[in-house]
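Asker:
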Amino acid sequence: MPNSQTDLIRTIYDERSEQYDASFHGLLAEEYIRVAQPQDGERVLDLACGTGLVALLAEERVGARGRVVGVDISEGMLNVARRKARQTGSSVSFIQHDISDLSGLDLLPSGSDGFDVITCAAALVLLPDPHGAVRHWAGLLRPGGRLVTDVAARDVHVPSRILGRVGDRLGLSLQWDQSWVRDEGSLERLLAGAGLEVRTVFMSKTFQVREYTNAEAPQVFEQAVASPMFRNFGDPSVREEAKRLFVERFAEEAGSAGILLDEAKMHAEVPATHHKSNAKNYTRGARTWNLARLLRVAKDAITQSRYNGHSQYELPAEHTNPIASSEQLVDGDIDMADASSSSSSGDSSGGEDAPSIFKSRKRKNSETSDELPPKRMSKRQ
685 MPNSQTDLIR TIYDERSEQY DASFHGLLAE EYIRVAQPQD GERVLDLACG TGLVALLAEE
745 RVGARGRVVG VDISEGMLNV ARRKARQTGS SVSFIQHDIS DLSGLDLLPS GSDGFDVITC
805 AAALVLLPDP HGAVRHWAGL LRPGGRLVTD VAARDVHVPS RILGRVGDRL GLSLQWDQSW
865 VRDEGSLERL LAGAGLEVRT VFMSKTFQVR EYTNAEAPQV FEQAVASPMF RNFGDPSVRE
925 EAKRLFVERF AEEAGSAGIL LDEAKMHAEV PATHHKSNAK NYTRGARTWN LARLLRVAKD
985 AITQSRYNGH SQYELPAEHT NPIASSEQLV DGDIDMADAS SSSSSGDSSG GEDAPSIFKS
1045 RKRKNSETSD ELPPKRMSKR Q
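FYI, the numbering for the sequence shown is 685 to 1065, going by the numbering used here.
#1: Determine contact between the segment 865 to 882 and the segment 708 to 727, defined as no fewer than three beta-carbon pairs at a distance below 8 Å.
#2: With distances taken Cα to Cα, identify the nearest neighbour of S787 among F914, A836, A822 and V728.
#3: How do the segment 758 to 770 and the segment 787 to 807 stand: do at least 3 beta-carbon pairs fall below 8 Å, yes or no?
#4: Could you check which residue in H709, A807 and R845 has the C-alpha nearest to that of V755?
#5: Compare the beta carbon distance of V835 and V809 with 7 Å and say whether it is the shorter of the two.
#6: Under a three-way DSSP split, which group does A1154 fall into?
#7: Buried or exposed for R749, please, with buried defined as at least 16 other CB atoms from any protein chain shown within 10 angstroms of its CB.
#8: Decide if T890 is buried, meaning its Cβ has at least 16 other Cβ atoms within 10 Å, or exposed.
#9: In chain order, which continuous runs of the beta strand (DSSP E) of length 3 or greater are located wholly inside the segment 793 to 869?
#10: Between the alpha carbons of A899 and S701, how many angstroms are there, rounded?
#11: In the DSSP output, which residue or residues are listed as bridge partners for Q780?
#12: Taking the alpha carbon of A742 as the point to measure from, which residue in S777, D919, I757 and M761 has its own alpha carbon closest?
#13: By Cβ distance, which residues of its chain are closer than 6 Å to Y697, with the 5 residues on each side in sequence left out?
#14: Using the Cα positions of V865 and A837, report the straight-line distance between them to the nearest angstrom.
#15: With respect to the beta strand (DSSP E) encompassing R727, which residues constitute its N-terminal and C-terminal limits?
#16: Pick out whichever of L831, E699 and L711 has its Cα sitting closest to the Cα of R727.
#17: Which of helix, strand or coil does DSSP assign to R894?
#18: According to the neighbour-count rule (16 or more other Cβ atoms, all chains shown, within 10 Å of its Cβ), is D867 buried or exposed?
#19: Report all residues from its chain with a CB closer than 7 Å to the CB of R853; omit the five preceding and five following residues, and keep chain order.
#20: Please return the same chain residues whose Cβ sits closer than 7 Å to the Cβ of T897, not counting the five positions on each side in sequence.
#21: Please name the residue in S857, M887 and V904 whose C-alpha comes closest to that of E1089.
#22: Cα separation between L737 and A805?
#23: Please go through the same chain and pick out, in chain order, the residues whose beta-carbon is closer than 8 Å to the beta-carbon of Y704, but skip the five residues on each side of it.
#24: Roughly how many angstroms lie between the CA atoms of L871 and T833, to the nearest whole one?
#25: Which residues in the same chain as R745 place their Cβ atom closer than 6 Å to its Cβ, once the five residues preceding and following it in sequence are excluded?
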């Protein structure tokens, strides 16, 4: 009998391991690779790696010069991952361990400055202390490294949502705590609280859609409680009352149409490590920028980026603005237009995230000073 949340999660995923790949998680893994963009030679750490869906795709991107390590609590999931690795000749290292604390594991060569990319797909809400785990992971990132993680969009999973309401009536709870996920900003606040700068915030495409009718509600309940994720609601002592309340709540939510749609989609975010500096910070509205960093990135954009015509320079991905927003910061000869993600819940294509752009205007005189005129910005008090 599991005696902790970690043991419970291990047991659940050991049981799910052989059927896990027959779900939308393969599509989610592809989305992770699209967003994280692992490059040739980079080091990738895939946490809660499961059957290796993200890790094996990442290995294709980093090549022989790169390194990919997968860590998961479930030996059953890792057995599937290792079997797939043997079949494909993969060199990904799969390690069985609690991802909340990786202390003591030999994950990187001696002298390494950290991982370039850390991913954690569809697992953050399963952890007993997500904030503490993310803070721990941040220490494994190299300066400027990327961490990609997600939470399910609130109230999108019909059985989970309704059983959560039923549990409130019966004194039962789901096997994980997602009470901290209140809106699309919840994940951003958690990551920022762990000392990370959020670079991109977006809603993933919809990976799977199911339609349930009132007539199917009893069957939906039975299928749910047959799963290890919701088995506590199928305990004989509460089963009949839980089923009655489930069907009742289902009908309330379905309304006159008698139909509920279940969409699998995620709030996903890409933060970068937080860099401390003694340089002065300046504010414009609700935005805060380190002046020295702003100047450095602007110069990099002009001197290192690909010229795109009409005096416009495209900012390279590694210098993308850490906070995607529709606001603009404009001063002197530099315009910074921040483009928010193009992904939306109704966009099945999952379009590419729009990068921030720096525009270089021609000067009217020979002045080449790198200083931004302070008169249009207010120093933070």
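By construction, the Cβ of each residue, glycine as well, lies at the ideal position given by its N, Cα and C atoms.
Just so it is clear, the structure is predicted and the values come from calculations on it, not from any experiment.
Answerer: On the basis of the data shown:
#1: Flag = no, the segment 865 to 882 and the segment 708 to 727 do not touch.
#2: The shortest C-alpha separation from S787 is found at A822.
#3: The answer is no - the segment 787 to 807 does not touch the segment 758 to 770, with fewer than three Cβ pairs under 8 Å.
#4: Measuring from the Cα of V755, the nearest candidate turns out to be A807.
#5: Going by C-beta atoms, V835 is nearer than 7 Å to V809.
#6: The structure shown does not extend to residue 1154, since the chain is modelled only from 685 to 1065, so the question has no answer here.
#7: By the beta-carbon neighbour count (other beta carbons within 10 angstroms, threshold 16), R749 is exposed.
#8: Taking a 10 Å sphere around the C-beta of T890, we find 16 or more other C-beta atoms and assign the residue as buried.
#9: Positions of the beta strand (DSSP E) runs, each at least 3 residues long and wholly inside the segment 793 to 869, are given as 799 to 804 and 825 to 836 in order along the chain.
#10: In a straight line, the C-alpha of A899 is about 31 Å away from that of S701.
#11: When DSSP reads this structure, Q780 sits in a beta bridge with D756.
#12: With respect to the C-alpha of A742, the residue from S777, D919, I757 and M761 having the closest C-alpha is S777.
#13: Answer for Y697: S758 and M761, listed in chain order.
#14: One C-alpha to the other measures close to 8 Å.
#15: From DSSP, the beta strand (DSSP E) with R727 extends over R727 to L731.
#16: If we check each option's Cα against that of R727, L831 comes out closest.
#17: R894: strand per DSSP, three-state reduction.
#18: D867 should be labelled exposed.
#19: Here R853 has L929 as same chain residues with Cβ atoms under 7 Å from its own Cβ, once five neighbours each way along the sequence are excluded.
#20: Closer than 7 Å at the Cβ level, and outside the excluded window around T897, lie G942 and I943.
#21: The first residue shown for the chain is 685 and the last is 1065, placing residue 1089 beyond what the model contains.
#22: Whole-angstrom Cα-Cα distance: 10 Å.
#23: Result list for Y704: Y697, G734, T735, M761 and V764, in chain order.
#24: Roughly 9 Å between the two C-alpha positions.
#25: The residues are P722.
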